[in-house]
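Which chain is which? The protein sequence lines are A and B, in order. According to my numbering, the stretch in the first sequence is residues 1 to 191, in order. According to my numbering, the stretch in the second sequence is residues 1 to 191, in order. The C-beta atom is built at its ideal place from N, Cα and C for all residues, glycine as well.
Number of protein chains: 2
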Amino acid sequence: MIAKRAKLIETATRLFHERGFWDTPTALIAREAGVANGTLFNYFPSKAALVEAVYLGLKQSWAVHLQAAAPQSGSVHDRLAGYWLGAIDWARAHPDRHALLGQLKLSDEIGEGARADGVDMFAATLELIGEAMTSGVIRPIDPGLLKTLAEAQVGAAIQFLTTHPESPVDEIARTSFEIFWRGIALAPSGD
Amino acid sequence: MIAKRAKLIETATRLFHERGFWDTPTALIAREAGVANGTLFNYFPSKAALVEAVYLGLKQSWAVHLQAAAPQSGSVHDRLAGYWLGAIDWARAHPDRHALLGQLKLSDEIGEGARADGVDMFAATLELIGEAMTSGVIRPIDPGLLKTLAEAQVGAAIQFLTTHPESPVDEIARTSFEIFWRGIALAPSGD
DNA sequence: CCTGCAATTGACTGATCAGTCAGTCACCCC
DNA sequence: GGGGTGACTGACTGATCAGTCAATTGCAGG
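Shown next as structure tokens:
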């Protein structure tokens with residue numbers, strides 16, 4: 001049953017968020033997922049492997065949402081904005097998942113392999129940036145740096161929205177994007 | 001002996017970075033600090049309290065460095081740049097401490113109290129931002145949002161430098177700042 | 001030299017948990 | 001229906017660790 005593996009990941013995701021993943025025993029995950037303790041270890045060789053699966057699952061869920069939200073055509077500005085708003089959208093819809101993702105990313109539990117797996121999920125944005133740079137829309141800056149900065153900026157906007165729930169989501173999202181865009185664009189944006 | 005408490009914090013900081021703080025038993029911390037197991041609990045009521053002390057210690061060390069590095073006068077641009085470069089400087093000088101700080105900030109181990117304690121360490125930057133906004137140098141944006149974005153951007157630059165050790169530190173630092181500055185400045189910066 | 005006190009010690013406890021494994025069970029094919 | 005297969009079970013183990021506490025040490029003041 002493939003569903004059992006998925007159920008374990010789903011349950012673990014929920015419990016990791018509720019209790020922190022260091023305080024979530026594998027026995028509890030198994031029980032809440034409706035399987036025996038030992039069964040968990042039929043699907044995952046170790047707790048670390050389960051944590052990694054949770055991490056990849058979250059990242060993929062985000063990437064899928066992002067891909068769906070972003071317009072496939074239009075100006076670089078608009079397409080990048082689409083990714084930006086889509087990313088914030090997902091995080092707002094799943095604040096628990098986003099928080100967990102942030103913790104997992106930094107944890108020592110996640111191996112290099114899994115972390116790298118996540119990298120190309122955002123390959124499309126990287127391509128878009130490269131394209132925009134050669135066509136002279138944005139400044140020539142190391143694309144890797146740009147991507148890191150962009151991700152951090154998105155994360156910061158989400159963090160702000162989380163700690164200030166009364167803020168207007170859409171406005172904050174757009175403001176954060178425009179700040180970034182003005183920072184990297186060669187031509188002044190028409191604001 | 002006040003030195004014993006400091007020694008415990010210092011040792012814990014090192015071990016937390018080397019092994020991750022979930023895999024660092026209190027017994028080991030005590031032994032490496034040259035005191036008995038029980039003595040640790042004379043100075044800290046629990047492991048969590050020790051972790052919190054480590055967190056505050058790191059944050060303070062950073063804040064002190066920052067305060068020393070930033071120019072007290074000059075244009076807003078230059079003073080903000082001073083903070084920016086100073087922050088990156090500290091992180092480059094103590095990559096282990098910076099990494100640990102990032103982990104601790106997100107961990108559930110850190111209580112609200114300790115996290116809030118850290119907030120006003122960067123009060124000076126917040127003031128500077130507010131000042132600049134009223135004097136019309138930068139765009140009117142929620143100062144809290146701006147501060148969050150700035151911190152994230154600094155963190156991203158540091159992260160990039162960590163994962164790309166061969167990169168020119170100073171150039172990356174300045175580039176990341178200029179991107180941010182262009183994003184928030186009203187008047188075009190003279191680049 | 002003694003007394004009292006606070007700091008220090010480290011063996012110990014009680015609890016927790018990741019991971020194991022011998023056995024059960026459901027299902028499929030002959 | 002029977003026997004072979006592999007998913008599943010859950011009690012158990014071995015190890016780890018935070019935190020305790022009775023005993024000891026070292027020291028200051030008389």
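Contact with chain B by residue i, beta-carbon distance below 8 Å
| i | result |
| --- | --- |
| A/ALA156 | yes |
| A/GLN72 | no |
| A/LYS84 | The residue you asked about is not Lys; residue 84 of chain A is Trp in the sequence shown. Not one chain B Cβ lies under 8 Å of A/TRP84. |
| A/ARG182 | yes |
| A/THR39 | no |
Listed by chain order, chain B residues near residue i by CB distance under 7 Å
| i | result |
| --- | --- |
| A/ALA148 | According to the sequence displayed, residue 148 of chain A carries Thr and not Ala. Neighbours of A/THR148 on chain B, chain order: ALA156, GLN159, PHE160. |
| A/GLY20 | ASP108 |
DSSP-derived helix/strand/coil call for residue i
| i | result |
| --- | --- |
| A/ALA217 | Since the displayed chain A opens at 1 and closes at 191, residue 217 of chain A lies outside it and no answer follows. |
| B/HIS94 | coil |
| A/PHE21 | coil |
| B/GLY190 | Reliability fails at B/GLY190, whose pLDDT of 44 lies under 50, so the model's placement of it is uncertain and no value is given. |
| B/GLY74 | coil |
| A/ALA33 | coil |
| A/PRO168 | coil |
| A/GLU225 | Given a span of 1 to 191 for chain A in the structure shown, any question on residue 225 of chain A remains unanswerable. |
| B/LYS7 | helix |
| B/GLY38 | helix |
| B/GLY111 | coil |
| B/PRO45 | coil |
Residue i - partner residues in DSSP beta bridges
| i | result |
| --- | --- |
| B/ILE138 | B/ALA185 |
Partner residues on chain A for residue i, Cβ-Cβ distance less than 8 Å
| i | result |
| --- | --- |
| B/PHE16 | Those within 8 Å of B/PHE16 in chain A number zero; the least Cβ separation is about 11 Å. |
| B/ALA152 | ALA152, GLN153, GLY155, ALA156, GLN159 |
| B/HIS98 | Near B/HIS98 there are no residues of chain A at all, since even the closest Cβ is about 12 Å away, more than 8 Å. |
9 Å Cβ cut-off: residues of chain A touching residue i
| i | result |
| --- | --- |
| B/HIS77 | Within 9 Å Cβ-Cβ: nothing; B/HIS77 doesn't reach chain A, min ~14 Å. |
8 Å Cβ cutoff, residue i in contact with chain A
| i | result |
| --- | --- |
| B/LEU128 | no |
| B/ALA28 | As written in the sequence, residue 28 of chain B is Leu, which differs from the Ala given in the question. No, its Cβ sits nowhere closer than 8 Å to a Cβ of chain A. |
| B/THR13 | no |
| B/GLY190 | No answer about B/GLY190 holds up, because its pLDDT of 44 lies below 50 and its placement is not dependable. |
| B/SER46 | no |
| B/ILE88 | no |
| B/ILE9 | no |
| B/HIS94 | no |
| B/GLY111 | no |
Interface residues of chain A facing residue i [CB-CB closer than 7 Å]
| i | result |
| --- | --- |
| B/THR125 | What B/THR125 touches in chain A: nothing, since even the nearest Cβ is about 15 Å away. |
| B/GLY136 | Going along chain A, no residue has its Cβ under 7 Å from B/GLY136, so there is no contact; the nearest lies around 17 Å. |
| B/SER61 | What B/SER61 touches in chain A: nothing, since even the nearest Cβ is about 20 Å away. |
| B/TYR65 | For the sequence presented, residue 65 of chain B should be read as His rather than Tyr. Neighbours of B/HIS65 on chain A: none; closest Cβ ~21 Å, over 7 Å. |
9 Å Cβ cut-off: residues of chain B touching residue i
| i | result |
| --- | --- |
| A/GLN103 | GLN103, LEU106, SER107, ASP108 |
| A/THR24 | Going along chain B, no residue has its Cβ under 9 Å from A/THR24, so there is no contact; the nearest lies around 11 Å. |
Where residue i meets chain B, residues with beta-carbon distance less than 8 Å
| i | result |
| --- | --- |
| A/LEU50 | Within 8 Å Cβ-Cβ: nothing; A/LEU50 doesn't reach chain B, min ~16 Å. |
Quiz item: Any chance the segment 45 to 64 of chain B sits against the segment 99 to 116 of chain B, with 3 or more Cβ pairs inside 8 Å?
Solution: yes
Practice problem: Count the C-beta pairs between the segment 60 to 80 of chain B and the segment 160 to 175 of chain B that are closer than 8 Å, then say yes if the count reaches three, no if not. | Solution: no
Practice problem: Would you be able to state if there are at least three C-beta pairs under 8 Å between the segment 127 to 141 of chain A and the segment 144 to 157 of chain B? | Solution: no
Quiz item: Touch check for the segment 64 to 71 of chain B and the segment 40 to 50 of chain B: three-plus C-beta pairs under 8 Å?
Solution: no
Quiz prompt | Contact between the segment 1 to 16 of chain A and the segment 24 to 43 of chain A (3+ Cβ pairs under 8 Å) | solution = yes
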